[in-house]
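Peer 1: I'd like to ask some things about the structure below.
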Amino acid sequence: MAAAMSVSAVVPPAAAVARTLLCVPATARAPREMAAEVAAAAALGADLAELRLDRLAGFAPRRDLPALLAKPRTLPALVTYRPKWEGGEYEGDDEPRFEALQLAMELGAEYVDIELKVADKFIKFMSGKKPENCKLIVSSHNYDNTPSAEELASLLAQIQATGADIVKIATTATEIVDVSRMFQILVHCQEKQVPIIGLVMNDRGFISRVLCPKFGGYLTFGSLEKGKESAPSQPTAADLINVYNIRQIGPDTKVFGIIGNPVGHSKSPILHNEAFRSVGLNAVYVPFLVDDLAKFLSTYSSPDFAGFSCTIPHKEAAVRCCDEVDPIARDIGAVNTIIRKPDGKLVGYNTDYVGAISAIEDGIRATQPTHSTTSPLAGRLFVVIGAGGAGKALAYGAKEKGARVVIANRTFARAQELGNLIGGPALTLTELENYHPEEGMILANTTAIGMHPNVNETPLSKQALKSYAVVFDAVYTPKETRLLKEAAECGATVVSGLEMFIRQAMGQFEHFTGMPAVDGKFRALANSLDNPSAVKGDRSTSLKPRL
Numbered sequence: 014m015a016a017a018m019s020v021s022a023v024v025p026p027a028a029a030v031a032r033t034l035l036c037v038p039a040t041a042r043a044p045r046e047m048a049a050e051v052a053a054a055a056a057l058g059a060d061l062a063e064l065r066l067d068r069l070a071g072f073a074p075r076r077d078l079p080a081l082l083a084k085p086r087t088l089p090a091l092v093t094y095r096p097k098w099e100g101g102e103y104e105g106d107d108e109p110r111f112e113a114l115q116l117a118m119e120l121g122a123e124y125v126d127i128e129l130k131v132a133d134k135f136i137k138f139m140s141g142k143k144p145e146n147c148k149l150i151v152s153s154h155n156y157d158n159t160p161s162a163e164e165l166a167s168l169l170a171q172i173q174a175t176g177a178d179i180v181k182i183a184t185t186a187t188e189i190v191d192v193s194r195m196f197q198i199l200v201h202c203q204e205k206q207v208p209i210i211g212l213v214m215n216d217r218g219f220i221s222r223v224l225c226p227k228f229g230g231y232l233t234f235g236s237l238e239k240g241k242e243s244a245p246s247q248p249t250a251a252d253l254i255n256v257y258n259i260r261q262i263g264p265d266t267k268v269f270g271i272i273g274n275p276v277g278h279s280k281s282p283i284l285h286n287e288a289f290r291s292v293g294l295n296a297v298y299v300p301f302l303v304d305d306l307a308k309f310l311s312t313y314s315s316p317d318f319a320g321f322s323c324t325i326p327h328k329e330a331a332v333r334c335c336d337e338v339d340p341i342a343r344d345i346g347a348v349n350t351i352i353r354k355p356d357g358k359l360v361g362y363n364t365d366y367v368g369a370i371s372a373i374e375d376g377i378r379a380t381q382p383t384h385s386t387t388s389p390l391a392g393r394l395f396v397v398i399g400a401g402g403a404g405k406a407l408a409y410g411a412k413e414k415g416a417r418v419v420i421a422n423r424t425f426a427r428a429q430e431l432g433n434l435i436g437g438p439a440l441t442l443t444e445l446e447n448y449h450p451e452e453g454m455i456l457a458n459t460t461a462i463g464m465h466p467n468v469n470e471t472p473l474s475k476q477a478l479k480s481y482a483v484v485f486d487a488v489y490t491p492k493e494t495r496l497l498k499e500a501a502e503c504g505a506t507v508v509s510g511l512e513m514f515i516r517q518a519m520g521q522f523e524h525f526t527g528m529p530a531v532d533g534k535f536r537a538l539a540n541s542l543d544n545p546s547a548v549k550g551d552r553s554t555s556l557k558p559r560l
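Just so you know, we're using my numbering here: the sequence shown kicks off at 14 and counts up by one.
So this is what it looks like as structure tokens:
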């Protein structure tokens, strides 16, 4: 198998890929509660449930298994009795564990999981007594890293040599490019018709859980709810079905996503996936937790990785990583949207500046007297907090509208650099506290200060806010930040970052799809972000399990 890093030609033909199953782990401490979790998983639309026997307190196999596996069952069962040395909770000897797994087989469990380290020992213990309708999953879990492509191929061969019906390899991502090696293994197994569960744990491996149907994974895991995960960074089954539309992901699905660090707070996947769904586009939008932008873009170089949103801290690096950059984005010095053309070239755009500036203008027009033919920013003193990509976009846009722009930043050198570019003075945040040369100023925060979970933070004191007539905050999680709340209490017109988010996302959607973005539709979707189920409906139709 090729050891190349790039995911540029690893997507299998559509006919080669069977549908990926959705498995919900049942992790309750008591058998009755575990049975209730299985029923809840069935109601969600899961295809099977994993019974984590090692999670049960006081587990007695001959007492508890008949009840857990009694027929008729609401879902097929995958029985796992994970020892502590493989990331589970069982601390006893192997033989009692083997006896419990064999009993599960005899009671009709459709799948049983055994660890590679003891697979040969378990198979010998069974003495050929495995029922034909039970599939044996032989698994390997690496909680430290993701081995090289060659090492993964060797591990695959070792698991196959045990006689496993299904291979399971779970590794850990130290960077997002590690996942590309797992995708290669999945495709290799599809070509060889080897059923495989291949997943990469933690936040940097999240995409492996969503995109495995594209690359042919046998199943993926989704927790019943937040707090009931059986592995690090496991998404909920509801999110896999409703947000990521996992039932529709296949080899031909185009992949879009938001590149950032951090990125888990972003509402973009909810918004864009619903927008794609509304126009019938075969595409999925995922969060990419990226440390090295250039490395990420060169690794995921397939045309199927078709477009990206860029957020903190990659907007400026994106300018250097693109083959072509829109003139306005180049003038700003920041890119928030990347499109991969069919020839593989990357083209960068900036939709931040229009989204933010139009939001601020409309906020002023709605609450303050303005001249109908000129921008309400013209001639106003416009203070930008932050000198990163979003700060550059706001400074550029405000200057284009005739505002007098001032840059404030925690690091003065960065503020001075941007101030020199746009022809305005620079301040430190400390100096900004006492900066009030005139009344009626406009303030725009473009930093992450006040973003969830640090909701009690604010870039400027309430006392200092009294000099501002308009305050905008690019942070939209939470929708009402401490900065906006205190500005409103001081009598200022406040403009939420959600407005910028909606408008820049509309621009991105048009770049991604070539279709016009309907303002009312996007606004309705964005306003439902705090209650995503309001826009999703029921997408829980279960696929028929492959038994």
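For every residue, glycine included, the Cβ atom is placed at its ideal position computed from N, Cα and C.
Per the contact definition of three or more C-beta pairs closer than 8 Å, is the stretch 117-124 in contact with the stretch 85-94?
Peer 2: Flag = yes, the stretch 85-94 and the stretch 117-124 touch.
Peer 1: What do you reckon, is the C-beta of Leu542 under 7 Å from a heavy atom of the ligand HEM?
Peer 2: Absence of the ligand HEM from the depicted structure is noted, as is the absence of any ligand whatsoever, leaving it without description.
Peer 1: Determine the extent of the beta strand (DSSP E) in which Val125 is found, giving its start and end residues.
Peer 2: Where Val125 is concerned, the enclosing beta strand (DSSP E) stretches over 124-128.
Peer 1: Relative to the alpha-carbon of Val299, which residue among Ser315, Ala307, Ser281 has its alpha-carbon at the smallest distance?
Peer 2: Of the candidates Ser315, Ala307, Ser281, the one whose C-alpha sits nearest the C-alpha of Val299 is Ser281.
Peer 1: Assuming Ile182 and Ile198 form a contact by the criterion Cβ under 8 Å, report the distance between their Cβ atoms to the nearest whole angstrom.
Peer 2: About 7 Å separates the two Cβ atoms, so the contact holds.
Peer 1: Within the same chain, show all residues whose beta-carbon is closer than 6 Å to that of Ala113, passing over the 5 residues directly before and after it, in chain order.
Peer 2: Within the same chain, Ala113 has close Cβ partners Pro74, Tyr94.
Peer 1: If you drop the 5 nearest sequence neighbours on each side, which residues of the same chain put their C-beta closer than 6 Å to that of Asn540?
Peer 2: Within the same chain, Asn540 has no close Cβ partners at all.
Peer 1: So the beta strand (DSSP E) Thr36 belongs to, where does it begin and stop?
Peer 2: Contrary to the premise, residue 36 reads as Cys rather than Thr in this sequence. Here the beta strand (DSSP E) through Cys36 covers 34-39.
Peer 1: Provide the residue span of the alpha helix (DSSP H) that contains Lys227, from first to last.
Peer 2: Its alpha helix (DSSP H) spans residues 219-228.
Peer 1: Evaluate Arg42 with the Cβ neighbour count: other Cβ atoms within 10 Å of its Cβ, from every protein chain shown; 16 or more gives buried, anything less gives exposed.
Peer 2: The residue in question, Arg42, is exposed, as its Cβ has fewer than 16 Cβ neighbours within 10 Å.
Peer 1: Under 8 Å between the Cβ atoms of Glu493 and Leu473?
Peer 2: Contact flag unset, no.
Peer 1: Can you give, in chain order, each stretch of the alpha helix (DSSP H) that sits fully within the stretch 114-162 and has at least 4 residues?
Peer 2: Counting whole runs of 4 or more residues, the stretch 114-162 contains the alpha helix (DSSP H) stretches 129-139.
Peer 1: Could you give the distance in angstroms between the alpha-carbon of Leu165 and the alpha-carbon of Gly230?
Peer 2: So the two alpha carbons sit approximately 15 Å from each other.
Peer 1: Based on Cα-Cα distance, which residue from Met195, Lys227, Lys205 lies nearest to Gly218?
Peer 2: Selected option, being the one with the closest Cα: Met195.
Peer 1: Looking at the strands, I want to know which residues DSSP matches up with Phe234.
Peer 2: Answer by DSSP bridge pairing, in chain order: Cys36.
Peer 1: If we ignore side chains and look at the alpha-carbon of each, how far apart do Asp60 and Leu35 end up?
Peer 2: About 5 Å.
Peer 1: Output needed for Leu390: all residues of its chain with C-beta closer than 8 Å, excluding positions within five of it in sequence on either side, in chain order.
Peer 2: Counting only Cβ-Cβ distances below 8 Å, and skipping sequence neighbours, we find Ile370, Ile373, Glu374, Ile377, Ala411, Lys414, Gly415, Ala416, Ile455.
Peer 1: I'd like the list of long-range same chain contacts for Leu308, defined as Cβ closer than 7 Å, with 5 residues on each side in sequence excluded.
Peer 2: Per the sequence shown, residue 308 should be read as Lys rather than Leu. Answer for Lys308: Val190, listed in chain order.
Peer 1: Under three-state DSSP, which class holds Phe196?
Peer 2: If DSSP states are grouped into helix, strand and coil, Phe196 belongs with the helices.
Peer 1: Taking only runs that begin and end inside the stretch 232-309, name each unbroken alpha helix (DSSP H) of 4 or more residues, in chain order.
Peer 2: Correct list: 281-291.
Peer 1: If I measure Cβ to Cβ from Pro558 and keep anything under 7 Å in the same chain, skipping five residues before and after, which residues do I get?
Peer 2: Confidence at Pro558 is low in this model, with a pLDDT of 31, below 50, so the placement of that residue should be treated as unreliable; the coordinate-derived value is given next. Closer than 7 Å at Cβ, skipping near neighbours: Leu34, Asp60, Leu61, Pro89.
Peer 1: From the DSSP output, read off the bridge partner residues of Glu422.
Peer 2: The amino acid occupying residue 422 in the given sequence is Asn; Glu does not appear at that position. In DSSP, Asn422 forms a bridge with Thr441.
Peer 1: Curious, which full-length alpha helix (DSSP H) runs of at least 4 residues does the stretch 67-100 contain?
Peer 2: Taking only runs of at least 4 residues, the alpha helix (DSSP H) segments lying wholly in the stretch 67-100 are 74-81.
Peer 1: Kindly identify the DSSP beta-bridge partner or partners of Arg417.
Peer 2: Bridge partners of Arg417: Leu394.
Peer 1: For the beta strand (DSSP E) containing Asn458, list its first residue and its last residue.
Peer 2: Here the beta strand (DSSP E) through Asn458 covers 454-458.
Peer 1: Can you name the residues that DSSP bridges to Met6?
Peer 2: Because the chain in this structure spans residues 14 to 560, residue 6 falls outside the shown range and cannot be described.
Peer 1: Quick check on the burial criterion: 16 or more other C-beta atoms within 10 angstroms. Buried or exposed for Gly432?
Peer 2: By the neighbour-count rule (16 or more Cβ atoms within 10 Å), Gly432 is buried.
Peer 1: Expressed to the nearest angstrom, what Euclidean distance is found between the alpha-carbon atoms of Asn255 and Gly293?
Peer 2: Rounded to the nearest angstrom, the two C-alpha atoms are 15 Å apart.
Peer 1: Is it buried or exposed, Asp126, if we count other Cβ atoms within 10 angstroms and call 16 or more buried?
Peer 2: Under this definition Asp126 is a buried residue.
Peer 1: Going by DSSP, what residue range makes up the alpha helix (DSSP H) through Cys334?
Peer 2: Per DSSP, Cys334 belongs to the alpha helix (DSSP H) from 328-334.
Peer 1: If you drop the 5 nearest sequence neighbours on each side, which residues of the same chain put their C-beta closer than 8 Å to that of Lys239?
Peer 2: If we look at Lys239 and ignore the five residues flanking it on each side, its Cβ neighbours are Thr249.
Peer 1: For the beta strand (DSSP E) containing Ile352, name the first residue and the last one.
Peer 2: Run containing Ile352: 350-353, per the beta strand (DSSP E) assignment.
Peer 1: Going by DSSP in three states, Ala29 sits in which element: helix, strand or coil?
Peer 2: Any reading at Ala29 is ruled out, since the residue's pLDDT is 49, under 50, leaving its predicted position unreliable.
Peer 1: Measure from the alpha carbon of Glu128 to the alpha carbon of each residue in Gly235, Thr324, His154, then state which is nearest.
Peer 2: Ranking the options by Cα distance to Glu128, first place goes to His154.
Peer 1: Report the three-state DSSP secondary structure of Thr494 (helix, strand or coil).
Peer 2: Here Thr494 sits in coil by DSSP.
Peer 1: Under a Cβ-count criterion, where at least 16 other Cβ atoms within 10 Å of its own Cβ denotes burial, should Lys97 be classed as buried or exposed?
Peer 2: Exposed, since its Cβ has fewer than 16 Cβ neighbours within 10 Å.
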